[in-house]
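Below is one structure, written out as structure tokens; comments come after it.
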Amino acid sequence: MRVGFIGLGGQGAPMARRIVEAGFETTLWARRPATLAPFADTAAKTAGSAAELAAACDLVCLCVVDDGDVEQVGDEVLAGLRPGGTIAVHSTVHPDTCRRLARRAGAQGVRVLDAPVSGGGRAADEGALLVMVGGEPEVFASCRPVFAAYGDPVVHLGPTGTGQIAKLLNNLLFTAQLGLAADTLALGGRLGLDPDGLGRILPRGSSTSFALERVVDAGGTLERIAGHAGALLAKDVRLFEEVAGASPAGAAAPGPAQEAARAALRAMGL
Numbered sequence: 006m007r008v009g010f011i012g013l014g015g016q017g018a019p020m021a022r023r024i025v026e027a028g029f030e031t032t033l034w035a036r037r038p039a040t041l042a043p044f045a046d047t048a049a050k051t052a053g054s055a056a057e058l059a060a061a062c063d064l065v066c067l068c069v070v071d072d073g074d075v076e077q078v079g080d081e082v083l084a085g086l087r088p089g090g091t092i093a094v095h096s097t098v099h100p101d102t103c104r105r106l107a108r109r110a111g112a113q114g115v116r117v118l119d120a121p122v123s124g125g126g127r128a129a130d131e132g133a134l135l136v137m138v139g140g141e142p143e144v145f146a147s148c149r150p151v152f153a154a155y156g157d158p159v160v161h162l163g164p165t166g167t168g169q170i171a172k173l174l175n176n177l178l179f180t181a182q183l184g185l186a187a188d189t190l191a192l193g194g195r196l197g198l199d200p201d202g203l204g205r206i207l208p209r210g211s212s213t214s215f216a217l218e219r220v221v222d223a224g225g226t227l228e229r230i231a232g233h234a235g236a237l238l239a240k241d242v243r244l245f246e247e248v249a250g251a252s253p254a255g256a257a258a259p260g261p262a263q264e265a266a267r268a269a270l271r272a273m274g275l
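Under our numbering, the first residue of the sequence shown carries the number 6, and numbering increases by one thereafter.
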């Protein structure tokens with residue numbers, strides 16, 4: 006399979022490098038040519054445009070920033086991708102963005118998978134990203150060897166859009182857990198416990214979570230996390246609320262997880 010990759014940021018670049026190192030014929034394109042420089046010593050080829058990249062590929066992976074980028078770059082890719090090709094959207098966006106792209110692509114005989122990832126650049130380097138995929142099962146099966154270059158586990162969840170819903174649920178729960186962790190550490194301080202000592206024991210007990218570890222590493226509060234990731238978390242919580250609000254009555258009624266996530270965002274000033 007010939008693979009194209011667009012979006013060579015902090016997470017996309019190591020994903021693309023893993024694809025190259027796995028032996029797939031890989032073509033890269035970037036709006037910022039400087040992001041191509043680290044690949045000069047690899048077997049990856051480069052293209053002059055997204056459409057040119059697509060014309061040379063069977064699978065094009067998009068790891069761009071937001072819905073607008075997916076719409077724009079996705080259409081540029083469709084201008085070059087031949088029937089039978091596939092677009093995989095690794096960005097975290099609204100499920101409807103992927104569904105609209107899938108409808109446009111389907112008219113040209115092109116398939117779309119929504120395949121958001123979780124874990125960050127370090128996990129991508131290690132081939133340990135969580136890859137959550139929505140789309141046709143047979144298309145997923147054909148693309149899975151590429152996803153496995155940077156993902157473990159790689160999980161199919163249902164039709165187009167379900168990968169995005171899973172990612173939004175992941176980030177909703179993570180945001181809620183950040184708030185609960187910060188509240189718990191603050192409660193311990195008010196009860197007279199040594200903050201450093203509490204920060205050492207809670208991550209070693211049954212209460213541990215990735216969110217708790219991040220809050221402890223950030224000094225026990227949400228301030229540093231808000232500056233680093235707050236805007237993205239707020240975007241994803243609000244995207245989830247849009248999805249939930251459009252679901253059948255009662256299917257995704259607001260519950261404790263949403264309330265806890267909202268409270269965490271308020272604590273971050275978002």
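Even glycine gets a Cβ: it sits at the ideal position worked out from N, Cα and C.
What residue from Pro150, Ala146, Asn176, Ala154 has the CA that sits closest to leucine 162's CA?
Ala146
Give the DSSP bridge partners of arginine 116, in chain order.
Thr91
Whose C-beta lies closer than 7 Å to the C-beta of threonine 165 among residues of the same chain, with five residues either side of it excluded?
Cys103, Arg104, Ala107, Val117, Asp119, Gly139, Gly140
Nearest candidate by alpha-carbon position, reference aspartate 71, set Gly12, Ala187, Thr97, Gly114
Thr97
Excluding sequence positions up to five away, which residues of its chain have a Cβ less than 7 Å from the Cβ of threonine 167?
Gly139
So what's histidine 99 in DSSP terms, helix, strand or just coil?
coil
Please list the segments of the alpha helix (DSSP H) lying wholly inside the region 162 to 243, counting only runs of 4 or more residues, in order along the chain.
167 to 195, 200 to 206, 215 to 222
Between which two residues does the alpha helix (DSSP H) holding cysteine 66 run?
Not the alpha helix (DSSP H): cysteine 66 falls in the beta strand (DSSP E), residues 64 to 67.
Valine 144, enclosing alpha helix (DSSP H) - first and last residue
142 to 152
In whole angstroms, what is the alpha-carbon distance linking glycine 156 and isoleucine 11?
17 Å
According to DSSP, is leucine 135 part of a helix, a strand, or is it coil?
strand
Distance, valine 144 Cα to phenylalanine 215 Cα
32 Å
Look up phenylalanine 245 in the DSSP assignment and say whether it is helix, strand or coil.
helix
Quick one: Cα of glutamine 263 to Cα of glycine 28, how far?
43 Å
Given alanine 59 as reference, the closest of Thr91, Ala223, Leu244 once Cα atoms are compared:
Thr91
I need the boundaries of the alpha helix (DSSP H) containing valine 75, first residue and last residue.
72 to 83
Where leucine 275 sits in the DSSP three-state scheme
coil
Across which residues does DSSP place isoleucine 11 in a beta bridge pair?
Trp34, Leu67
Helix, strand or coil for aspartate 157, going by three-state DSSP, please let me know.
strand
Leaving aside the five residues before and after valine 25 along the sequence, list all residues of the same chain whose C-beta is less than 8 Å from its C-beta, in chain order.
Thr31, Phe44, Thr47, Ala48, Ala49
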